[in-house]
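According to full-length UniProt numbering, the sequence shown is numbered sequentially starting from 1.
Step one of this worksheet: look at the structure below.
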Amino acid sequence: MILSSYIRHLRSISQHAVNNITVVAIAILLSTIFILVAAPARLGFAEHIIFHLHATRPIYVLLVALLLLPSAAAAFFLVNRSRSVYLVDYACFKPISECRVPLAMYTEYMTHFMPFLDDRSIRFITRVLDNSGLGEETCLPPSIRCIPPSFGFSHARAEAELVVFSTIDDLFRKTCISPAAIDALVVNCSLFSPTPSYSDMIINRYKLRSDIRSVHLSGMGCSAGLVSVGLARNLLQVTPHAAYALVVSTETISSFLYKGRKREMHLPTVLFRMGGAAALLSNSRSKARFRLKHLLRTITSTESAYRSVILDEDEEGNLGVNLSKDIIGVSGDALRSGISSIGPVILPASEKLMFFLSWMARKVLGGKVQPYVPNFCKAVEHFCIHPGGPAVINAVQKNLRLSETLAEPSRMTLHRFGNTSSSSLWYELAYIEAKGKMQRRDRVLMIGFGSGYKCNVAVWECIQPSCSADGPWSQCIHRYPMKA
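Right under this line is the structure:
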């Protein structure tokens, strides 16, 4: 107990030193000057210094300058430097087979056990299912599969504990990291916000340290996974070396089933499925498998974009998530904004030059010249596109001119697991690794969309490919890719 308290005290001192590095640097500089100037005077050498001051003034000024300039440069570097952030490992929730909901079963289930649905709504849901891109193995929480289905707070909490705790257990097993080593915790779940929060549930379950920095993000939509990674990255910038941040992404759907007849509000019920992911980040390269190279967030602040994904009530007072008919157009605008931000950072010089020449030609010749779309395949080797639905995947594939092979992880994730919201991108990364396509130094571009309307983009560089086939795709990867 005494040793633990002593270590915690040392960590606190080092934390204050990192947070106030400018003050520390100035204090060191002033101490050095005091030793060189003031101390000799107090020791009786004042007359000797004054006698030789005029003769040695140029040397004396040069000496002070040589001390001052490097110290100032070092202080500036320490204050403004950005630490690299690494992904140690990640884990995805794999539902048990009893939660599987084949499409025919889902339709029959809606017909017989959802009395609030009329024939028109059932026909619409059936038509959406047929074109949803979902396969026969997507899963729903046990409470929704009950006969009759059960909804409520207790069922949502049970789903949250099942998904979150089992995923974190898997991550700790893979990384061999003790829960006591976690310095920061970031959890995101948009629709379900219990009290105590998700982060408090995790802290209580794993007995994390009392000085941990924790936060629960809600209302951020499907892009919250990369938002959480960005927040964890910022926390790791101001923590001591070799610190760890745990990021947990999920969406609890047990308490959220739309009970009205508005078509736009049935779409999330059809597409969303049970899932979650946990990622362990660190500011130390030790044990790391990926390095976070870039992460950019953009938001489209128009009224149509803001209302394209919104939690609202229908005319009868039924609560649900409303996906507007403008969602595809809004996603396209958000994608262009996000890609325009990340492009200049990651594209090679040849692609930047081609884009600039195309822009100049359009300025001179007008619409006679087609705009040049940069080839992002020269900047990254793999793409993880948010599987919000076939239309979203098609739009991104068309805008970036990606081949079917590059869009495969997104389509297969939608087919096998459905839209698991903020955790979907991790299932796609697991798919790439399960297929054995990830190589050392390969780069992965993650694109996430979310309410607001946001487009978040991250680029990871592989340090060490996975040496284990254990993961959400371990028992079914041999069946993929499947034909539509």
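We put the CB at the ideal spot given by N, CA and C, even for glycine.
Worksheet entry | beta strand (DSSP E) runs contained entirely in the stretch 78-142, provided each spans 3 or more residues | 85-92
Worksheet item: Are the stretch 200-212 and the stretch 167-187 touching, with three or more C-beta to C-beta distances below 8 Å?
Response: Enough Cβ pairs lie closer than 8 Å, so yes.
Item to complete: Within the same chain, show all residues whose beta-carbon is closer than 6 Å to that of R83, passing over the 5 residues directly before and after it, in chain order.
Response: Within the sequence shown, numbered from 1, the residue matching residue 83 stands at position 83. Correct list, in chain order: Q237 and N283.
Fill in: Supposed contact pair T252 and F192 - C-beta distance, whole angstroms, cut 8 Å
Counting from 1 along the sequence shown, the entry for residue 192 is found at position 192. Counting from 1 along the sequence shown, the entry for residue 252 is found at position 252. Going by Cβ atoms, the distance from F192 to T252 rounds to 4 Å, so yes, they are a contact pair.
Discussion item. Among R145, R127 and K94, whose alpha-carbon lies nearest the alpha-carbon of M105?
Written reply: For the purposes of this step, residue 105 is identified with residue 105 of the sequence shown, where counting begins at 1. Residue R145 is the option with its Cα nearest to M105.
Practice prompt. Please report how far the alpha carbon of V345 lies from the alpha carbon of I125, in whole angstroms.
Written response: The residue labelled residue 345 in the question sits at position 345 within the sequence shown. The residue labelled residue 125 in the question sits at position 125 within the sequence shown. In a straight line, the C-alpha of V345 is about 42 Å away from that of I125.
Worksheet entry | Burial state of R273, where buried means 16 or more other Cβ atoms lie within 10 Å | Here residue 273 is taken as the residue at index 273 of the sequence shown, counted from 1. Per the 10 Å Cβ criterion, buried.
Item to complete: Put D200 into one of helix, strand or coil per three-state DSSP.
Response: Position 200 of the sequence shown, counting from 1, holds the residue named residue 200. If DSSP states are grouped into helix, strand and coil, D200 belongs with the helices.
Practice prompt. Please state whether DSSP places K293 in a helix, a strand or coil.
Written response: Position 293 of the sequence shown, counted from the first residue, corresponds to residue 293. Strand, per DSSP.
Item to complete: Pick helix, strand or coil for V215, following the three-state DSSP scheme.
Response: One-based indexing of the sequence shown puts residue 215 at position 215. V215 falls in the strand class under three-state DSSP.
Discussion item. Runs of 4 residues minimum, wholly inside the stretch 228-284: which ones carry the alpha helix (DSSP H) assignment?
Written reply: 267-271
Discussion item. Any contact between the stretch 452-461 and the stretch 219-236? By contact I mean 3 or more CB pairs, one from each, below 8 Å.
Written reply: yes
Discussion item. Let me confirm a value: H415 is counted as buried when at least 16 other C-beta atoms fall within 10 Å, else exposed. Which label applies?
Written reply: As a first step, residue 415 must be located in the sequence shown, where it is residue number 415. The residue is buried, with at least 16 neighbouring Cβ atoms inside 10 Å.
Worksheet item: Going by DSSP, what residues sit across from K454 in a beta bridge?
Response: Residue mapping note: residue 454 aligns to position 454 of the sequence shown, counting from 1. Note: K454 sits in a beta bridge opposite I299 and G450.
Practice prompt. Please state if the CB of S190 and the CB of G219 are separated by a distance shorter than 8 Å.
Written response: For this step, residue 219 is matched to residue 219 along the sequence shown. For this step, residue 190 is matched to residue 190 along the sequence shown. Yes; because the gap between Cβ atoms is below 8 Å, this pair is in contact.
Practice prompt. Helix, strand or coil for H54, going by three-state DSSP, please let me know.
Written response: What you label residue 54 is simply residue 54 of the sequence shown in a count that begins at 1. The pLDDT assigned to H54 is 49, lower than 50, so where the model puts this residue is not dependable; a value taken from the coordinates is nonetheless given after this. Note: H54 maps to helix in three-state DSSP.
Worksheet item: Cα separation between V88 and S286?
Response: Working through the sequence shown from its first residue, we reach residue 88 at position 88. Working through the sequence shown from its first residue, we reach residue 286 at position 286. For V88 and S286, the distance between alpha carbons rounds to 8 Å.
Worksheet item: Who are F383's beta bridge partners in DSSP?
Response: As a working mapping, residue 383 is identified with position 383 in the sequence shown. Looking at the DSSP assignment, F383 forms a beta bridge with L445.
Item to complete: With D333 as the anchor, note down where its alpha helix (DSSP H) starts and where it stops.
Response: As a working mapping, residue 333 is identified with position 333 in the sequence shown. D333 -> alpha helix (DSSP H) spans I327 to I346.
Discussion item. What does the alpha-carbon distance come out to for the pair I168 and D470?
Written reply: By one-based count along the sequence shown, residue 168 stands at place 168. By one-based count along the sequence shown, residue 470 stands at place 470. Taking the straight line from one Cα to the other gives about 15 Å.
Practice prompt. Let me know the secondary structure DSSP gives W460 once reduced to three states.
Written response: Here the question's residue 460 lines up with position 460 in the sequence shown. Strand, per DSSP.
Worksheet entry | Beta-carbon proximity list for L425, same chain, < 7 Å, skipping 5 on both sides | Taking the first residue of the sequence shown as position 1, residue 425 is located at position 425. Answer for L425: G225, C384, H386, M446 and G448, listed in chain order.
Item to complete: Using three-state DSSP, classify I7 as helix, strand or coil.
Response: Taking the first residue of the sequence shown as position 1, residue 7 is located at position 7. Confidence at I7 is low in this model, with a pLDDT of 47, below 50, so its placement is unreliable and the value that follows should be read with caution. If DSSP states are grouped into helix, strand and coil, I7 belongs with the helices.
Item to complete: Go ahead and label W359 buried or exposed: buried means 16 or more other beta carbons lie within 10 angstroms of its beta carbon, across all protein chains shown.
Response: The residue labelled residue 359 in the question sits at position 359 within the sequence shown. By the 10 Å Cβ count, W359 comes out exposed.
Fill in: Meets three-Cβ-pair contact criterion under 8 Å: the stretch 257-274 and the stretch 315-325
yes
Worksheet item: Opposite I182 in the DSSP bridges: which residues?
Response: The residue you call residue 182 lines up with position 182 of the sequence shown. DSSP, once it has assigned bridges, lists Y244 as partnering I182.
Discussion item. Spatial neighbours of P142 within its chain, please: C-beta separation below 7 Å, excluding the five flanking residues on both sides.
Written reply: For this step, residue 142 is matched to residue 142 along the sequence shown. Closer than 7 Å at the Cβ level, and outside the excluded window around P142, lie C99.
Practice prompt. Return helix, strand or coil for N375, following the three-state DSSP convention.
Written response: The residue given as residue 375 occupies position 375 in the sequence shown. N375: coil per DSSP, three-state reduction.
Item to complete: Would you identify the three-state DSSP class for V396, choosing helix, strand or coil?
Response: Translated into positions along the sequence shown, residue 396 becomes position 396. Note: V396 maps to helix in three-state DSSP.
Worksheet entry | E315 (DSSP reduced to helix, strand or coil) | Locating residue 315 in the sequence shown gives position 315, counting from the first residue. The answer is coil: DSSP assigns E315 none of H, G, I, E or B.
Worksheet item: Given that a residue counts as buried once 16 or more other Cβ atoms are within 10 Å of its Cβ, and exposed if not, what is N131?
Response: Residue mapping note: residue 131 aligns to position 131 of the sequence shown, counting from 1. With fewer than 16 other Cβ atoms within 10 Å, it is exposed.
Worksheet item: Between E381 and the rest of its own chain, which residues show a CB-CB distance below 7 Å, the 5 nearest in sequence each way excluded?
Response: By one-based count along the sequence shown, residue 381 stands at place 381. D442 and R443, listed in sequence order.
Worksheet item: Can you pull the DSSP bridge partners for V309?
Response: Along the sequence shown, read from residue 1 onward, the residue named residue 309 stands at position 309. L323, per the DSSP bridge assignment.
Item to complete: Starting from L365, trace the alpha helix (DSSP H) both ways and give me its first and last residue.
Response: As a first step, residue 365 is located in the sequence shown; it is residue number 365 there, counting from the start. Here the alpha helix (DSSP H) through L365 covers A349 to L365.
Item to complete: Could you tell me the distance, in whole angstroms, from the CA atom of residue 491 to the CA atom of S423?
Response: The first residue shown for the chain is 1 and the last is 484, placing residue 491 beyond what the model contains.
Worksheet entry | Neighbourhood of S421 by C-beta, 6 Å cutoff - its chain only, sequence neighbours within 5 removed | Mapped onto the sequence shown, residue 421 falls at position 421. Within its own chain, the residues whose Cβ lies closer than 6 Å to the Cβ of S421, once the five positions on either side in sequence are excluded, are C222 and E251, listed in chain order.
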